[in-house]
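Take 2 as the starting number for the sequence shown in our numbering and just add one per residue. We put the CB at the ideal spot given by N, CA and C, even for glycine. Please read these numbers as outputs of a predicted model, since none were measured by experiment. Working notes, structure below.
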Amino acid sequence: MDSTTDLQRLYRNRFSDLERRRKDEIWHVLCTYFFQRYVKPSDTVLDIASGMGEFSRHIAAARIYAVDINPDAGKFLPVGAKFSLTPAHRLDFLSENSIDVAFTSNFLEHLPTKAAVDAVLKEVQRVLRPRGLFVALQPNIRYAYKEYWDFYDHHTPLSHLSCAEAFELSGLQVVELIDRFLPFSTKSALPTHPILVRGYLACRFAWRFFGKQFLIIGQK
């Protein structure tokens, strides 16, 4: 894609209004019953590639910063969140050791090269406070090698193991790594009713069958 306009058009076309509402319901459950365990109410959070703002809207934190290169992203954020239209490797508006928890979902695969991935990880490491966490949810090329390429803006395939190496090289110690966590996409035929999503989170056995995204948590 050659322009911001292309990026806006791609994401406006990718998800229907119904799919956006369904995603929002899913993320409410994910944040409430899973991701909130990593975020204290007093924390300062950075939402990287915030997209449609589902994480920021449903996580409880004292302060939320969000970055994206899509101008549309800012309008999806909750009141009080601070949005910056900037790439994730240029977090110049944040000082060193200022973020308790950084989060991203389905972002690193959109970067053009592994060098670009390294640049993002090093910048995240810079802004995290000592013992701060970087929580990342990513499609796992090991288990999603077919459907991975069904999205035009996917460029850099990563497995849970290659991503763990990248984290360690950037100075982030991997403290948790789940190779199979969530299904590949909300566009799948799997049921997405909030009660069923909550049940899925509680049944780790099911992750081994349906999980095609990995969860990695690095600590500074």
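- Residue state for E177 is assigned as strand, using DSSP reduced to three classes.
- P158 is positioned such that its CB atom lies no closer than 8 Å to that of Y144.
- Put simply, the stretch 115-123 touches the stretch 73-93. At least three CB pairs are less than 8 Å apart.
- In this chain, K123 is not harboured by any beta strand (DSSP E); it is covered by the alpha helix (DSSP H) spanning 115-128.
- If you compare the alpha carbons of I100, H194, L173, V46 with that of K24, the shortest gap goes to H194.
- Taking one beta carbon from each stretch, the stretch 68-83 and the stretch 109-119 have fewer than 3 pairs nearer than 8 Å; the two do not touch.
- Assignment of D151 by DSSP, reduced to helix, strand and coil, places it in the helix class.
- Between the C-alpha atoms of E55 and W28 there is a straight-line separation of about 6 Å.
- The continuous alpha helix (DSSP H) containing F206 extends over residues 205-211.
- Between C204 and the set F182, L216, V176, the nearest pair of CA atoms involves F182.
- The beta carbon of T114 lies closer than 7 Å to those of T157 in the same chain, with the five residues before and after it left out.
- Of the residues D154, Y201, A116, the one whose Cα lies closest to the Cα of L170 is A116.
- Using a Cβ distance threshold of 8 Å, F135 and L173 count as a contacting pair.
- By the neighbour-count criterion, in which 16 or more other beta carbons inside 10 Å mark a residue as buried, D151 falls on the exposed side.
- For F182, there is no enclosing alpha helix (DSSP H), since its DSSP letter is neither H nor E.
- For A165, the uninterrupted alpha helix (DSSP H) run begins and ends at 161-170, by DSSP.
- Spatial neighbours of C164 in its own chain (CB-CB distance under 8 Å, excluding positions within 5 residues in sequence) are listed in chain order as L109, A137, Q139, F215, I217.
- Burial check for V176: the Cβ neighbour count within 10 Å stays below 16, so the residue is exposed.
- In the three-state scheme derived from DSSP, where H, G and I count as helix and E and B as strand, G133 is classed as strand.
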